[in-house]
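Take a look at the structure below.
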Amino acid sequence: MEGGVAYEQGLNLKATELTLGLPGTGETEGQGGVRNNNKRPMPTSETNEEESQALAQIVGWPPIRSYRKNSLQENGMYVKVSMDGAPYLRKIDLKVYRGYPELLKALEAMFKFAAGVYSEREGYKGSEYVPTYEDKDGDWMLVGDVPWDMFMSSCKRLRIMKGSEARGLGCGV
Amino acid sequence: MDLTPKQSIPAAESTRFPDEVLERVLTLLKSPKDRNAVSLVCKDWYTADSWSRRHVFIGNCYSVSPEIVARRFPRIRSVTLKGKPRFSDFNLVPDNWGADVHSWLLVFASGSPFLEELRLKRMRVTDGSLEFLALNFPNFRALSLLSCDGFSTSGLATVATHCKNLIELDIQENGIEDLSGEWLSCFPDNFSTLEVLNFSNLITDVNTEVLERLVSRCRSLKVLKLNRSSSLDCLHRLLTSAPQLTELGVGSFSQELTPQQHAELKHAFGFCKNLTVLSGFWDATALNLSAVYPACSGLSFLNLSYTALQSQELASLLPHCPCLRRLWVLDSVGDRGLEAVGANCPSLEEIRVFPTDPFDEDMLHTVTESGIVAVSQGCPKLHYILYFCRQMTNAAVATVVRNCPDFTHFRLCIMNPGQPDHTTNQPMDEAFGAVVKTCKKLKRLSISGLLTDLTFKYIGEYAKNLEALSVAFAGSSDLGMQYVMEGCSKLKKLEIRDCPFGNAALLSGLERYESMRSLWMSACNVTVDGCKALARQMPRLNVEVMKEEGSDDCKADKVYVYRTVAGPRRDAPPSVLTFSSL
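Protein chains in written order, with the numbering used here: chain A, 1 to 173; chain B, 1001 to 1582.
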């Protein structure tokens, strides 16, 4: 951890406004940062979210051409959306939305429900409907927990949960 | 010497070549470097070169003006122009920055209307420019646009309509406004000269009947790269009518095929004995992939960098490609996939591994240091590597270059900025030290990970043939950049972002910048005053500063320095400040 801090100062991170914690220093031994924390549908720990948000927010990094980034995202952009109790599924193109607010508005309009107010700590409050999604590993996550870019590339399908099942998910421990 | 015909010295006269002979001899010299050297011998040779030069390569469109080029090379037929700094590929350069090709076209139209070939990279090209090109150059035959922006499919339509002698249309990775596939239907019904058609960049559908008729008319077609929406049925028909193809982009390759259709497609691939390059495969399934096996025996370049292939799928494919020299893949193939590369590709010279999910923290979908070591063990001829990964060790890199000492291009991107060796927690200095000490032929280097000034000390001391260096989130002080500026005498391009290099570092390169193409520094510690000081002392450099909204007046957020004989450019947008010695 010490070594990490010293190098942080040498890199003058404040000037470039990064808030990275170096993976592989401090938190996890050896492994280079395999963290499964962000796979549970609970709010992630502060550091992990900072790191992943920081990485997604550094302009132009990693150095991959926009053309390539857009092409790869073409792969999973159409996702199925189901709502508990609704007779059939819908399909939406995630590429069309620029962020979570727009996506949620579209879902609410499509299925005629209100999602409640989202907060990192308590998930969606004030509604019996909770928007969730299945990610690449088959885990069910709360919509809004990870940065938008990461959500776009990992979301496989959406499910709007309702009722008691929804209450067990992302509404505080 | 002041000679008139009466006073001519027979001996000197008899050793002079007639101009026509000299020009004929010079025509045999193709490389721009050789031509440049020739033009410096004496005035006669300069003149002969000027009249006989057919192709000119301009690595930075602002290093010279179109008027100067047209005046010096009045009979130019082929021009290659590069515009924006490379970091514009990663959204670091504002949209309206410049590099518009139009002023070039205007000058050439009046001076050298016999222009036949135009190859542009990172230039702004409007539909108006494409139309102007199509209408004003009657002999025009080859257009290549790579990473350009500003045009739409309407512009392509005018090219297809008016360029009667077109042999090459190569549209790659551009920010193109894709309105419709109608442009393809604009080729006249009797048009048959096409040899290269690459429209893989485009999303909208083209008319498959029009495409098939075009391909069957163009008997000299060698390169055909389909776009993502092209179906396998269409591909099958195209292969049957054009078995002479040497390069093929197969489209998305995702359709569900019946066993019958699969067999027929595989059969069609069997006719293509001349294929050396395969690409596309955006949504290829493992089953479909096996259809290409019959065409792979002579394959030298396989681009799978848009397919999220798994290790087993790659391992099944590679044994069919014994002659492979270049391979591009996604990191979805994992270390196991790279082991298969090492085991099956003894002739491999180049490998590029791109990330499937750049922002995904999950380690399962990636490659590690083991993968790159496995490739180096099986592929001793490797000389080009581009490797995106999430972890690396100094020892692994040292092993790689020990196995493959002939690297000319070594580009390693450890995606988390400032990440140390994950087994020792040390900086990655020794990794790049090993690279520059072992690889004497190294021309291009991209570094990443946690790096101190020691990395740069190694680079300055050992990388004597280095021409291009790319640096991000590295170094501890101005010394880092100074080591490089002092030691790398052949450096042509230097790009730096997010490093603690300030004015002292910038000014340490004073002696170097005129022999370089360009320097880029962004998010470093350079100030506007430092840039002004540089500009004052070096009149033949353009020193440009791009200011970001809300930044301090004294900070030079992005700095772009390049040599030029054309003076400060006049088309810079308001956000770009140009400093000169004037």
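Just so you know, even glycine gets a beta-carbon here, dropped at the ideal spot from N, CA and C.
Small disclaimer: the values here were computed from a predicted structure and weren't measured.
Would you report the Cα separation of R1569(B) and I64(A), rounded to the nearest angstrom?
Each residue's alpha carbon lies about 29 Å from the other.
Hey, is C1042(B)'s beta-carbon within less than 8 Å of any beta-carbon in chain A?
Not closer than 8 Å to any Cβ of chain A, the Cβ of C1042(B) fails to qualify, so no.
Residues of chain B with CB under 7 Å from W140(A), in chain order?
Within 7 Å Cβ-Cβ: nothing; W140(A) doesn't reach chain B, min ~16 Å.
Are V1434(B) and M1392(B) closer than 8 Å when you measure CB to CB?
According to the sequence provided, residue 1434(B) is Ala. The question's Val does not apply to it. Not closer than 8 Å, so no.
In whole angstroms, what separates the C-alpha of C155(A) from that of S1088(B)?
When rounded, the distance between both Cα atoms is 29 Å.
Applying the 10 Å Cβ sphere with the 16-neighbour rule, what's the burial state of V59(A)?
Its Cβ having fewer than 16 others within 10 Å, V59(A) is exposed.
Kindly list, in the order they appear in chain A, the residues whose Cβ is closer than 7 Å to that of E1313(B).
Result: empty, since nearest Cβ-Cβ is about 15 Å, beyond 7 Å.
Put F1073(B) into one of helix, strand or coil per three-state DSSP.
In the structure shown, F1073(B) sits in coil (DSSP, three-state: anything other than H, G, I, E or B).
Exposed or buried, what is L20(A) when buried is set at 16 or more other beta-carbons lying within 10 Å of its beta-carbon?
Because the pLDDT at L20(A) is just 47, under 50, the model does not fix this residue reliably, and the value given afterwards should be weighed accordingly. Its Cβ being crowded by 16 or more others within 10 Å, L20(A) is buried.
Can S1065(B) and A1535(B) be called in contact, C-beta distance under 8 Å?
Result no, Cβ atoms of S1065(B) and A1535(B) do not sit closer than 8 Å.
Could you round the C-beta distance between P1085(B) and S1518(B) to whole angstroms and report it? I think they count as a contact, below 8 Å.
Going by Cβ atoms, the distance from P1085(B) to S1518(B) rounds to 7 Å, so yes, they are a contact pair.
Hey, could you find the ends of the alpha helix (DSSP H) Y100(A) is sitting in?
Taken as a continuous stretch (DSSP letters only), the alpha helix (DSSP H) holding Y100(A) covers Y100 to F111.
Residues of chain B with CB closer than 7 Å to the CB of G60(A), please, in chain order.
The answer, in chain order, is F1087, F1090, N1091 and L1092.
Tell me the start and end of each unbroken alpha helix (DSSP H) in the stretch 1386-1473 of chain B that is at least 4 residues and wholly inside, in chain order.
Listed in chain order, the complete alpha helix (DSSP H) runs (minimum 4 residues) inside the stretch 1386-1473 of chain B are 1394-1403, 1429-1438 and 1453-1462.
Considering only residues of the same chain and omitting the five flanking positions on each side of E1544(B), which have a CB-CB separation below 6 Å?
Closer than 6 Å at Cβ, skipping near neighbours: Y1560, V1576 and T1578.
Taking 8 Å as the CB-CB cut-off, is L107(A) touching chain B?
No, L107(A) does not count as interfacial toward chain B.
So within the stretch 1183-1231 of chain B, which uninterrupted alpha helix (DSSP H) runs reach at least 4 residues, ignoring any that extend past its ends?
Complete alpha helix (DSSP H) runs here, min 4: 1208-1217.
What residues of chain B sit near D149(A), judged by a beta carbon separation below 7 Å?
F1359, listed in chain order.
Using a cut-off of 7 Å between C-beta atoms, extract the partners of T1356(B) located in chain D.
Annotation note: the requested chain D is absent from the structure, which comprises protein chains A and B.
Do T1356(B) and L142(A) have their C-beta atoms closer together than 8 Å?
For T1356(B) and L142(A), no; Cβs fall outside 8 Å.
Residues of the stretch 1276-1305 of chain B in Cβ contact with chain A at a cutoff of 8 Å, in chain order, please.
Flagged, chain order: W1282, D1283 and S1305.
Give me, in chain order, the residues of the same chain whose beta-carbon lies closer than 7 Å to that of V1093(B); leave out the 5 immediate sequence neighbours on both sides.
Excluding sequence neighbours, V1093(B) sits near K1084, P1085 and F1087.
Consider the Cβ of K1123(B): report whether some Cβ of chain A lies at a distance smaller than 8 Å.
In the sequence under discussion, the amino acid at residue 1123(B) is Met, which differs from the Lys named in the question. Judged by the 8 Å Cβ criterion, M1123(B) is not in contact with chain A.
Three-state secondary structure (DSSP) at Q1537(B)?
Helix at Q1537(B).
Rounded to a whole number of angstroms, what is the C-alpha to C-alpha distance between P43(A) and Y124(A)?
In this prediction, P43(A) has a pLDDT of 37, which is less than 50 and means its spatial position is unreliable; nothing more can be read from the coordinates.
With a cut-off of 8 Å, does the C-beta of Y97(A) fall near any C-beta of chain B?
So no, Y97(A) is outside the interface.
Can you list, in chain order, the residues of its chain with a C-beta nearer than 7 Å to that of S127(A)? Leave out the 5 residues immediately preceding and following it.
Only A114, A115 and G116 meet the Cβ criterion.
Exposed or buried, Q1419(B), counting other C-beta atoms within 10 Å across all chains shown (16 or more means buried)?
Its Cβ being crowded by 16 or more others within 10 Å, Q1419(B) is buried.
Which residues in the same chain as M1401(B) place their Cβ atom closer than 7 Å to its Cβ, once the five residues preceding and following it in sequence are excluded?
The amino acid at residue 1401(B) is misidentified as Met; the sequence shows Val. These residues qualify, in order along the chain: F1407, A1434, V1435, T1438 and C1439.
In angstroms with no decimal places, state the Cα-to-Cα distance between A109(A) and S119(A).
C-alpha separation (whole angstroms): 21 Å.
Which residue marks the beginning of the beta strand (DSSP E) containing I160(A), and which one marks its end?
That run of the beta strand (DSSP E) goes C155 to K162.
Going along chain A in order, which residues have a C-beta closer than 9 Å to the C-beta of C1323(B)?
Near C1323(B) there are no residues of chain A at all, since even the closest Cβ is about 26 Å away, more than 9 Å.
Measuring only the C-alpha atoms, how far is N1227(B) from G1270(B)?
C-alpha separation (whole angstroms): 22 Å.
Within the same chain, show all residues whose beta-carbon is closer than 7 Å to that of S1216(B), passing over the 5 residues directly before and after it, in chain order.
Same-chain partners within the cutoff: S1241.
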